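Numbering (UniProt numbering), first residue to last: 1 to 561.
What follows is the structure, given as structure tokens:
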């Protein structure tokens, strides 16, 4: 076989120049790609650093951030403070460090025990208190065991001692921790049954504010004792009925008491009307009490020199025809106690007498420092005299041309509620007087929204309604039931005022004369940017504004509602 010429290259040459060039190109691509990836990674790091340095949130000084957290948590109440702190713990690490290093955020803690275990054990409570630094702390200690340990007056204890919860070592450990931090406590709140409270060796001593909440009390007719180590309490609440004797005894046992809420006094033997030993409650300033027919015995035995806020509910319970309630005993107690009462709320469910209520009304005008006054007659109160309405006695002075001194000259907030109000002429005179005599009054809000004639379901009389619709727009706010106003306007067919400050809509669903349907009347404030659908509450269906007739649009001249 003839050999190839030497000028022809061999196809089996082990080195190919094109392959070498391609291999070099691939290596260059890999090198450049790796460099680009490194540059992209470096760029991401630089961008992260740049964003961190330019971020408005992370650039906020720690002092401002901690103050924002403080405002957030301290606007919460009770256990929500703890939930708020756990929510803050979900944010960035830098913010968590700020939270953990801000003592003001750790000054309130609620410890709850079921008798066997704690929601927060001692270790967490101890860490919590350490984070508060040396600041004053507020501690709430609550026993949440659901097993009834004690009962109310007059009931037998359904649980024998063997079934009652016992105090375990974890509970005692928490008490020991609180005892160690006694000097830092600003407010200590205890919600523990009396049976457990009396057996504890814990001595809170003298604190700025010490609250005791007894939700299950077993007491007798003769005595209810607060343990000797707890007699420096400043706030008391007992969710059980007490006799007048027990209530007065507790006032004697707690000389530093400034606030007593939700007190229920019941005379279980109404036939015995023996006078009670007098009590002088020197520090009590806030008193909330629910009384029965025998309340004169209780209020006659009380003198409260520093009383500022008084909430009383009087309810008839004993007789088919209840005793006549003499409210002058209450004003008498106020008169001999203090001249500086600023907040007075009275709720009545019983029989009233014209003469005795007149005395009460006269005495009421002597409370010259009163800033807030609420008078409510329940639906089951009775008039001892047929045809008489206490409203006429209370507001009679405003019907005369010159009523003289203003009604409670320092009064700022007034709330009046009665289920029987017909006619409204006395209320209209009151509103007209206070809206025109702006130089002699301090009243800012008069609330009559709970007044109605529930028996006859009547509307406001025409004369009074015209007064309400023409009240001048001053700094005084009058509140009325909007549905009642709507029905009254339609009933009397009053014309729509031409020019008005506030606009209202009356949504009327016209229906045929049928026993199964009725008209629905709603009065609603319509803001300029509010659609008609938003202005008609309770309707889920869309409503075309053209479907509402012009006669259904009414403007009322009532300021501030």
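C-beta: ideal position from N, C-alpha, C; glycine also.
No experiment lies behind these values; they were computed from the predicted model shown.
Per-residue DSSP class, three states only, for residue i
i: residue 303; result: strand
i: residue 563; result: Past the boundaries of the shown model lies residue 563; the chain is included only from 1 to 561, so the question cannot be answered.
i: residue 601; result: Examination of residue 601 is not possible in this model, given that the chain is present from 1 through 561 alone.
i: residue 471; result: coil
i: residue 325; result: strand
i: residue 247; result: helix
i: residue 171; result: helix
i: residue 295; result: helix
i: residue 508; result: Because residue 508 carries a pLDDT of 26, less than 50, the predicted location of this residue cannot be relied on, and the following value inherits that uncertainty. DSSP places residue 508 in strand when its eight states are reduced to three.
i: residue 449; result: coil
i: residue 357; result: helix
i: residue 94; result: helix
i: residue 19; result: helix
i: residue 369; result: coil
i: residue 99; result: helix
i: residue 260; result: strand
i: residue 42; result: helix
i: residue 539; result: Note that residue 539 scores 39 on pLDDT, short of 50, meaning its location in the model is unreliable; the coordinates nonetheless yield the value given after this. Residue state, collapsed to three classes: coil.
i: residue 208; result: coil
i: residue 180; result: helix
i: residue 287; result: strand
Distance, residue j Cα to residue i Cα
i: residue 42; j: residue 60; result: 27 Å
i: residue 29; j: residue 90; result: 45 Å
i: residue 410; j: residue 394; result: 17 Å
i: residue 141; j: residue 192; result: 8 Å
i: residue 462; j: residue 361; result: 28 Å
i: residue 434; j: residue 396; result: 14 Å
i: residue 350; j: residue 325; result: 7 Å
i: residue 337; j: residue 130; result: 45 Å
i: residue 377; j: residue 352; result: 10 Å
i: residue 35; j: residue 97; result: 38 Å
i: residue 110; j: residue 226; result: 23 Å
i: residue 257; j: residue 122; result: 30 Å
i: residue 175; j: residue 197; result: 11 Å
i: residue 17; j: residue 38; result: 32 Å
i: residue 267; j: residue 247; result: 11 Å
i: residue 102; j: residue 188; result: 22 Å
i: residue 340; j: residue 333; result: 13 Å
i: residue 206; j: residue 444; result: 40 Å
i: residue 370; j: residue 95; result: 48 Å
i: residue 184; j: residue 281; result: 28 Å
i: residue 294; j: residue 424; result: 33 Å
i: residue 399; j: residue 489; result: 24 Å
i: residue 138; j: residue 46; result: 46 Å
i: residue 392; j: residue 408; result: 17 Å
i: residue 482; j: residue 388; result: 26 Å
i: residue 70; j: residue 133; result: 15 Å
i: residue 245; j: residue 329; result: 18 Å
i: residue 25; j: residue 54; result: 42 Å
Distance between beta carbons of residue j and residue i, contact taken as under 8 Å
i: residue 364; j: residue 331; result: 6 Å
i: residue 202; j: residue 168; result: No, residue 202 and residue 168 are not in contact; Cβ-Cβ is about 15 Å, not under 8 Å.
i: residue 344; j: residue 367; result: 7 Å
i: residue 179; j: residue 135; result: Actually they are not in contact, since the Cβ atoms of residue 179 and residue 135 sit about 18 Å apart, beyond 8 Å.
i: residue 232; j: residue 210; result: 6 Å
i: residue 418; j: residue 372; result: Incorrect: roughly 18 Å between the Cβ atoms, too far for contact.
i: residue 250; j: residue 224; result: 6 Å
i: residue 412; j: residue 442; result: 6 Å
Residue nearest to residue i in terms of C-alpha spacing, selected from the options
i: residue 452; options: 109, 343, 260 and 416; result: 416
i: residue 107; options: 181, 465 and 358; result: 181
i: residue 465; options: 422, 442, 476 and 437; result: 422
i: residue 448; options: 458, 478 and 459; result: 478
i: residue 277; options: 258, 252 and 104; result: 252
i: residue 263; options: 293, 213 and 283; result: 213
i: residue 476; options: 446, 450 and 490; result: 446
i: residue 458; options: 420, 428 and 414; result: 420
i: residue 480; options: 472, 427, 474 and 329; result: 427
i: residue 310; options: 356, 260 and 295; result: 260
i: residue 291; options: 342, 444, 346 and 18; result: 346
i: residue 100; options: 112, 113 and 63; result: 63
i: residue 486; options: 369, 472, 471 and 460; result: 460
i: residue 124; options: 341, 18 and 170; result: 170
i: residue 471; options: 429, 483 and 27; result: 429
i: residue 255; options: 306, 300 and 22; result: 306
i: residue 313; options: 46, 289, 444 and 275; result: 289
i: residue 390; options: 442, 356, 283 and 414; result: 356
i: residue 92; options: 52, 126, 127 and 67; result: 52
Heavy atom of the ligand GTP within 7 Å of residue i beta-carbon
i: residue 443; result: In the structure on display, the ligand GTP does not appear, and there are no ligands present to speak of.
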